[in-house]
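Asker:
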Amino acid sequence: MYTMNAVEFNEKIMKGHFRKIYPVIARQMVERTGITKGECIDLGGGPGMLAVCIAKITLMHVTVVDLMPECVELAIENSLEEGVRHRVDAVQGVAEQLAFADASIDLVVSRGSIFFWEDQQQGLAEVFRVLRPGGWAYIGGGFGTVELLREIDELKADDLEWQRKRKARMAQNPPEHFRAMLDRLGIEGVVEHQEAGTWIIFRKPQS
Ligand SMILES: C[S@@+](CC[C@H](N)C(=O)[O-])C[C@H]1O[C@@H](n2cnc3c(N)ncnc32)[C@H](O)[C@@H]1O
0 MYTMNAVEFN
10 EKIMKGHFRK
20 IYPVIARQMV
30 ERTGITKGEC
40 IDLGGGPGML
50 AVCIAKITLM
60 HVTVVDLMPE
70 CVELAIENSL
80 EEGVRHRVDA
90 VQGVAEQLAF
100 ADASIDLVVS
110 RGSIFFWEDQ
120 QQGLAEVFRV
130 LRPGGWAYIG
140 GGFGTVELLR
150 EIDELKADDL
160 EWQRKRKARM
170 AQNPPEHFRA
180 MLDRLGIEGV
190 VEHQEAGTWI
200 IFRKPQS
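One point on numbering: in numbering that gives the first Met the number 0, the residue at position 172 of the sequence shown is 171, and numbering is uninterrupted.
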């Protein structure tokens, strides 16, 4: 089971070292999928900074889903602080069992979470189920650009534990692992792997 100190994560990571990556990743997600209105889920959204950034550049209503109740509270606080509370909600839940109706969601985004899901394949199947025909998923992990990755690497140079865990996660989750999972699920999509991140991107067919 995933654990972390959510308050520390919020202060040190999201509002500290990582702050700059969220607007960049949000922009990449919106430009790639072309979705700017409707319902969005930020799955494993933690304290909600990606959700906040998506709400700021679109007309979407974004729901943060996270297994930790502390993250749900922090996501609400952050969306209030950032002036987008009217379009951001947060609920406790797990990727493997989403409390959303079939075909009800236009865009599912997720950063840095799938690596921790207990059953990644079931989580992706759930994402596919809740997407409406024509809806998109953009799920994976990364830092936006190589330049931002380098900045974070420098800031975290002394944090050997962080470096070790990141490498281990990447080794356990190579792109072929996710490609095979999409094949098993019969989902047509791509897994893009670059130095700055690995992303599973797919669109649910129209019919
Ligand atoms: C490294 S944090 C990333 C948070 C946020 N997406 C970000 O990029 O700042 C991973 C998050 O995934 C959540 N998580 C882990 N397993 C999950 C699951 N099965 N379903 C939903 N959330 C999960 C954790 O509670 C945590 O908030």
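Just so it is clear, CB atoms sit at the ideal spot from N, CA and C, and this is done for glycine as well.
When DSSP labels each residue in this structure, what does I186 get in the three-state scheme?
Answerer: The count along the sequence shown starts at 1 and reaches residue 186 at position 187. In the structure shown, I186 sits in coil (DSSP, three-state: anything other than H, G, I, E or B).
Asker: By a C-beta neighbour count over all protein chains shown, 10 Å radius and 16 as the cutoff for buried, is E187 buried or exposed?
Answerer: Walking along the sequence shown from the start, residue 187 turns up at place 188. Exposed, by the Cβ-count rule.
Asker: Using C-beta distances below 6 Å, list every residue in its chain close to A50, excluding the 5 sequence neighbours before and after it, in chain order.
Answerer: Taking the first residue of the sequence shown as position 1, residue 50 is located at position 51. Closer than 6 Å at Cβ, skipping near neighbours: D41, G44, V61, V63 and V87.
Asker: Could you check how far apart the C-beta atoms of G143 and A195 are, in whole angstroms? I think they sit under 8 Å.
Answerer: Your numbering for residue 143 matches position 144 in the sequence shown. Your numbering for residue 195 matches position 196 in the sequence shown. 6 Å between Cβ atoms; contact.
Asker: Measuring alpha carbon to alpha carbon, tell me which of K155, K203 and G185 ends up nearest L130.
Answerer: Counting from one through the sequence shown, the residue named residue 130 turns up at place 131. Scanning K155, K203 and G185 for the CA closest to the CA of L130 turns up K203.
Asker: Can you tell me the Cα-Cα spacing of S109 and L184, whole angstroms?
Answerer: Working through the sequence shown from its first residue, we reach residue 109 at position 110. Working through the sequence shown from its first residue, we reach residue 184 at position 185. When the Cα atoms are used, S109 and L184 turn out to be separated by approximately 19 Å.
Asker: At what residues does the alpha helix (DSSP H) containing V126 begin and finish?
Answerer: Locating residue 126 in the sequence shown gives position 127, where the first residue counts as 1. From DSSP, the alpha helix (DSSP H) with V126 extends over Q119 to V129.
Asker: Flag this pair as touching only if the stretch 51-58 and the stretch 114-129 have three or more C-beta atom pairs under 8 Å; answer yes or no.
Answerer: Result no; under three Cβ-Cβ pairs closer than 8 Å.
Asker: Would you say V126 touches ligand 3, meaning its beta carbon is less than 7 Å from a heavy atom?
Answerer: Although ligand 3 was asked about, the structure shown includes only ligand 1 as ligands.
Asker: Please state if the CB of E95 and the CB of D65 are separated by a distance shorter than 8 Å.
Answerer: Start at 1 with the first residue of the sequence shown, and residue 65 comes out as number 66. Start at 1 with the first residue of the sequence shown, and residue 95 comes out as number 96. For D65 and E95, no; Cβs fall outside 8 Å.
Asker: I'd like to confirm the pairing. Which residues does DSSP put opposite W161 in its beta bridges?
Answerer: In the sequence shown, residue 161 corresponds to position 162, counting from 1. Answer is none; W161 lacks a bridge partner.
Asker: Taking C-alpha atoms, which residue in L148, A102, G92 and I53 lies nearest to C70?
Answerer: Translated into positions along the sequence shown, residue 70 becomes position 71. Comparing Cα-Cα distances from C70 to each of L148, A102, G92 and I53, the minimum goes to G92.
Asker: If I'm right that G133 touches T197 with Cβ under 8 Å, what's the distance once you round it to whole angstroms?
Answerer: Taking the first residue of the sequence shown as position 1, residue 133 is located at position 134. Taking the first residue of the sequence shown as position 1, residue 197 is located at position 198. The pair is not a contact, with the Cβ atoms about 24 Å apart (cut-off 8 Å).
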